[in-house]
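Trainee:
Numbering (the UniProt record's numbering), first residue to last: 1 to 909.
Dropping the structure here:
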């Protein structure tokens with residue numbers, strides 16, 4: 001019985017006392033719940049779970065952790081838990097304790113900060129569930145200290161005499177230890193860390209969680225930063241996972257795709273924790289095991305995460321990490337050596353003086369004071385960007401690169417301390433925001449795109465280009481392989497001479513699809529959709545096919561496009577006029593109800609391509625229907641009539657899906673564009689609801705459904721694109737109070753993510769019983785997989801790829817697609833923030849409310865900026881009385897003491 005286990009654990013670790021004030025808001029409800037818990041134990045050991053207080057349910061969740069061991073993120077956060085989370089400012093793992101929790105928003109207290117940090121589930125890496133002992137300081141800290149002792153033994157880390165005295169006294173009587181702190185400080189003044197631990201015991205009664213965070217930080221320094229053993233563990237971890245993940249990072253010969261690649265594939269942090277937990281820990285190879293105490297697992301996980309964050313051979317995200325390649329690490333070491341080389345100190349001084357001038361002219365931060373000694377040193381030459389000096393330019397590039405590395409993890413990294421001591425501290429830079437200001441200033445003189453440099457670590461490998469020599473070798477290898485005959489239709493392709501229209505934006509470079517229409521003698525219409533046959537050039541199992549899998553998708557950014565396939569393949573496969581375009585074509589009828597009545601799929605040679613764009617097609621359809629919306633002579637009368645008929649059919653398809661109850665949520669959209677002439681980012685409206693967008697999107701949705709239906713009927717394993725039904729919860733009842741744009745925004749967030757899987761679960765938001773991706777093979781690998789299966793069936797009446805292949809491949813592709821989407825979203829948000837700053841302070845922005853959460857006298861109000869890309873912002877307001885409503889507010893941009901944007905509510909419209 002789980003209840004018995006809980007009570008045994010509690011009785012071992014808790015000795016009730018008066019260490020905390022029961023009237024303190026931090027503990028008030030937990031005193032009551034714990035009292036109820038004690039009484040329930042005495043009266044009936046099998047109390048119904050519904051009657052148990054929340055703290056008991058939390059205990060059960062904690063102590064059942066073996067079902068998913070080391071997954072400490074899945075524990076439900078509660079008030080009093082210590083959390084490890086990704087800081088928005090630095091990108092580092094930061095510790096805090098939860099003061100309050102409401103509706104998935106957490107008020108988190110950090111050390112050395114007066115204002116709490118506001119967190120959501122997406123930021124949390126790990127939870128140390130200290131709340132289950134939050135009613136008693138002795139029980140809370142004793143479990144932690146016992147585990148630290150045990151971990152010290154496990155890691156072969158010598159415990160100092162001072163810490164032995166401290167732990168012994170603590171176990172005997174915590175109050176005696178607190179009262180005797182000063183006496184034991186004198187035992188060994190050199191043991192600064194031990195002294196600091198002792199000094200924090202005096203704060204345990206006032207705020208035990210803050211003191212625990214300090215203690216954990218100190219032991220992090222002792223275990224991770226100063227322990228040779230953790231250095232060895234990091235090397236073991238690096239060898240294991242760099243080798244393990246090479247399988248998805250290399251070609252068939254075991255070579256890196258390119259020397260520009262800087263890291264291997266990502267690994268779940270949980271896997272590293274499990275691995276280290278089972279490894280021998282001393283030179284003789286003797287294996288030790290932790291006890292089954294919960295704290296040991298939790299603290300071990302905590303220090304493993306901190307080690308991954310600290311050592312330079314790793315780069316950490318929220319739930320995963322990367323191993324950098326040896327070439328990358330060797331390059332980093334050379335840069336550090338260059339920084340410390342006495343021969344380069346003159347260049348460093350010139351760089352420091354130039355950087356100080358930039359900061360002095362641009363940084364409006366009352367906490368920053370310039371280093372006047374360097375700034376006014378006449379012996380240090382002034383830097384002239386227009387004067388050529390090859391060595392000095394090289395030095396500048398290296399110093400800037402080191403600062404960018406430092407910014408990626410400003411607080412904790414093995415070599416960050418060297419960079420901060422030799423550059424940042426001399427510039428009086430003490431936080432990441434000041435460093436960002438400097439890099440922006442340096443960027444203007446060095447012509448770097450700082451956003452990409454800073455953020456490409458999220459998906460850095462996907463930006464690399466194949467070197468020409470490597471590409472030629474791959475092509476030569478593919479041509480000589482036995483795979484060249486796969487999926488080859490020879491002369492059996494059907495020639496299409498009728499007009500087919502490619503409808504894209506003006507900037508589109510890789511054109512995957514074209515649409516056409518055939519009018520039968522009886523007046524009925526047949527829709528034809530042509531999709532570029534990429535697998536005619538990129539054969540299954542070839543090196544280029546594997547490269548496409550490795551990339552998984554093209555990446556579209558406002559100022560650049562990074563293609564999944566080599567440029568010449570993308571150009572060759574793109575559907576263009578005046579050439580024979582090899583395609584996989586879909587032919588189907590649509591009845592008056594918007595239902596697809598029959599279809600066929602066949603290989604084709606499409607010759608008569610008419611290249612157009614969304615605006616031109618919309619104007620032509622409007623003109624055909626007597627609406628004057630622009631130029632009316634863009635297309636011929638025949639073309640305009642065909643485009644109008646395609647739009648009518650697309651409208652029927654859309655109406656049929658809507659009748660099935662599909663939720664179509666439209667929001668005003670804007671997109672970030674890069675103005676090449678002005679060399680700056682701008683915000684432009686994006687209208688995805690035009691007639692031409694409806695035409696294209698509905699015909700592509702129909703084509704993708706046909707692909708999935710064809711594969712189901714012919715037992716072809718493919719990657720279905722599925723979306724399960726959302727769990728609309730009671731919290732959505734307040735949507736009717738909000739502005740429609742805010743309500744729609746929140747409604748969309750309730751929809752579940754689409755997933756790639758070989759099992760079909762249907763697609764909820766499209767209202768379809770099955771769905772896949774098959775219309776964009778130039779830019780998505782999953783579409784190539786679907787083409788591979790369909791084409792092989794048309795030739796051989798059987799699939800080429802089996803289910804086991806998909807089971808191995810799809811999780812990797814899905815992970816890449818999520819990472820790329822996350823990168824694109826963060827990239828655009830970064831640019832939106834930059835545009836805000838460029839517009840300056842004291843500007844007014846229209847906004848609508850999304851949510852309001854109150855913690856004591858402080859409210860966290862979330863707004864959506866209507867005229868700035870629907871960027872969501874969070875305001876912390878004291879004594880805010882306003883409630884959720886459908887009004888439009890005016891927010892004013894104001895600088896805080898560090899010249900960072902904050903918003904104030906001016907008035908409602």
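We treat Cβ as the ideally placed atom computed from N, Cα and C, and that holds for glycine.
The structure displayed is predicted, hence computed values, not measured ones.
Starting from the Cα of residue 645, find the closest Cα among 331, 524, 220 and give me that residue.
Mentor: The shortest Cα separation from residue 645 among 331, 524, 220 belongs to 524.
Trainee: Going by beta-carbon coordinates alone, are residue 319 and residue 275 separated by less than 8 angstroms?
Mentor: Not in contact: residue 319 and residue 275 (Cβ atoms no closer than 8 angstroms).
Trainee: Between residue 634 and residue 625, what straight-line distance do the alpha-carbon atoms span, to the nearest angstrom?
Mentor: Whole-angstrom Cα-Cα distance: 15 angstroms.
Trainee: Identify whether residue 530 lies in helix, strand or coil by the three-state DSSP scheme.
Mentor: Of the three classes helix, strand and coil, the one that applies to residue 530 here is strand, per DSSP.
Trainee: Decide if residue 321 is buried, meaning its Cβ has at least 16 other Cβ atoms within 10 Å, or exposed.
Mentor: It counts as buried.
Trainee: To the nearest angstrom, how far is the alpha carbon of residue 830 from that of residue 529?
Mentor: In a straight line, the C-alpha of residue 830 is about 38 angstroms away from that of residue 529.
Trainee: Does the Cβ-Cβ distance between residue 916 and residue 803 come in under 8 angstroms?
Mentor: Here the chain covers residues 1 to 909 and nothing more, so residue 916 does not appear.
Trainee: Which residues does DSSP list as the beta-bridge partners of residue 566?
Mentor: None; residue 566 has no bridge partner.
Trainee: Whole angstroms is fine: what's the gap from residue 282's alpha carbon to residue 233's?
Mentor: A caution first: residue 282 carries a pLDDT of 46, below 50, which makes its placement in the model too unreliable to give a value.
Trainee: Buried or exposed: where does residue 838 fall if 16 or more other Cβ atoms within 10 Å of its Cβ makes it buried?
Mentor: Exposed is the call here.
Trainee: So the beta strand (DSSP E) residue 495 belongs to, where does it begin and stop?
Mentor: Note, residue 495: beta strand (DSSP E), 494–496.
Trainee: Hey, residue 531 and residue 584: beta-carbon distance below 8 angstroms or not?
Mentor: The answer is yes: Cβ separation under 8 angstroms.
Trainee: Report the rounded CA-to-CA distance for residue 231 versus residue 217, giving the unit in angstroms.
Mentor: Residue 231 and residue 217: Cα-Cα distance of roughly 18 angstroms.
Trainee: Is the CB-CB distance between residue 514 and residue 609 below 8 angstroms?
Mentor: Yes; because the gap between Cβ atoms is below 8 angstroms, this pair is in contact.
Trainee: Can you list, in chain order, the residues of its chain with a C-beta nearer than 6 angstroms to that of residue 419? Leave out the 5 residues immediately preceding and following it.
Mentor: Counting only Cβ-Cβ distances below 6 angstroms, and skipping sequence neighbours, we find 402, 406.
Trainee: Our contact map puts residue 832 next to residue 863 with C-beta atoms below 8 angstroms; I'd like the distance itself, whole angstroms only.
Mentor: The Cβ separation is near 14 angstroms, so there is no contact.
Trainee: So residue 312 and residue 413 are in contact, right, with Cβ under 8 angstroms, and what is the actual spacing, rounded?
Mentor: So it is a contact: roughly 6 angstroms between Cβ atoms.
Trainee: When you compare only the Cα positions, how much space is there between residue 447 and residue 434?
Mentor: A caution first: residue 447 carries a pLDDT of 37, below 50, which makes its placement in the model unreliable, though a value can still be read off. Cα to Cα, the separation comes out at about 20 angstroms.
Trainee: Distance check for residue 526 and residue 726, CA to CA, integer angstroms please.
Mentor: Roughly 35 angstroms between the two C-alpha positions.
Trainee: May I have the straight-line CA-CA distance separating residue 33 from residue 124, to the nearest angstrom?
Mentor: Caution is warranted here: a pLDDT of 31 is assigned to residue 33, below 50, making its placement in the model unreliable, and the coordinate value is therefore given only provisionally. Going from the Cα of residue 33 to the Cα of residue 124 covers about 26 angstroms.
Trainee: Return the bridge partner residues of residue 504 from the DSSP annotation.
Mentor: Its beta-bridge partners are 613.
Trainee: Checking 8 angstroms against the spacing of the C-beta atoms, do residue 370 and residue 421 come in under that value?
Mentor: Cβ distance not < 8 angstroms, so residue 370 and residue 421 don't count as in contact.
Trainee: Mapping DSSP to helix, strand and coil, what is residue 871?
Mentor: Coil at residue 871, not helix or strand.
Trainee: Is the Cβ-Cβ distance between residue 968 and residue 702 less than 8 angstroms?
Mentor: This structure leaves residue 968 out entirely; the chain is present only between 1 and 909.
Trainee: Comparing alpha-carbon positions, which option in 654, 397, 675, 783 lies nearest residue 704?
Mentor: The option with the nearest alpha carbon to residue 704 is 783.
Trainee: Could you say which of 767, 498, 674 lies nearest to residue 638 if we only look at CA atoms?
Mentor: When only C-alpha atoms are compared, the closest one is 498.
Trainee: Would a C-beta distance cut-off of 8 angstroms place residue 212 and residue 130 closer than the cut-off?
Mentor: Their beta carbons are under 8 angstroms apart, which means residue 212 touches residue 130 by this criterion.
Trainee: Would you call the CB atoms of residue 601 and residue 795 closer than 8 angstroms?
Mentor: Not in contact: residue 601 and residue 795 (Cβ atoms no closer than 8 angstroms).
Trainee: Evaluate the contact criterion for the stretch 543–555 versus the stretch 487–496: three or more CB pairs, one atom per stretch, below 8 angstroms.
Mentor: Short answer: they don't touch.
Trainee: Am I right that residue 820 and residue 681 are in contact with their C-beta atoms under 8 angstroms? What's the rounded C-beta distance?
Mentor: Actually they do not touch by this definition, with Cβ atoms about 20 angstroms apart.
Trainee: With a threshold of 8 angstroms on Cβ separation, who are the neighbours of residue 789 within its own chain once the five nearest residues in sequence on each side are excluded?
Mentor: The answer, listed in chain order, is 711, 716, 717, 718, 799, 800, 801.
Trainee: What are the complete beta strand (DSSP E) segments, minimum 3 residues, inside the stretch 743–785?
Mentor: Segments of the beta strand (DSSP E) lying fully in the stretch 743–785: 755–757.
Trainee: Starting from the C-beta of residue 904, find all residues in its chain whose C-beta is less than 6 angstroms away, skip the five residues before and the five after it, and write them out in chain order.
Mentor: These residues qualify, in order along the chain: 892, 894.
Trainee: Hey, is residue 488 close to the ligand SAM, as in C-beta under 7 angstroms from one of its heavy atoms?
Mentor: Questions concerning the ligand SAM fall outside what the structure shown contains, since it holds no ligand whatsoever.
Trainee: In the structure shown, what three-state DSSP assignment does residue 359 receive?
Mentor: Note: residue 359 maps to helix in three-state DSSP.
Trainee: How would you label residue 857, buried or exposed, when you count the other beta carbons within 10 angstroms and need 16 or more for buried?
Mentor: So residue 857 ends up on the exposed side.
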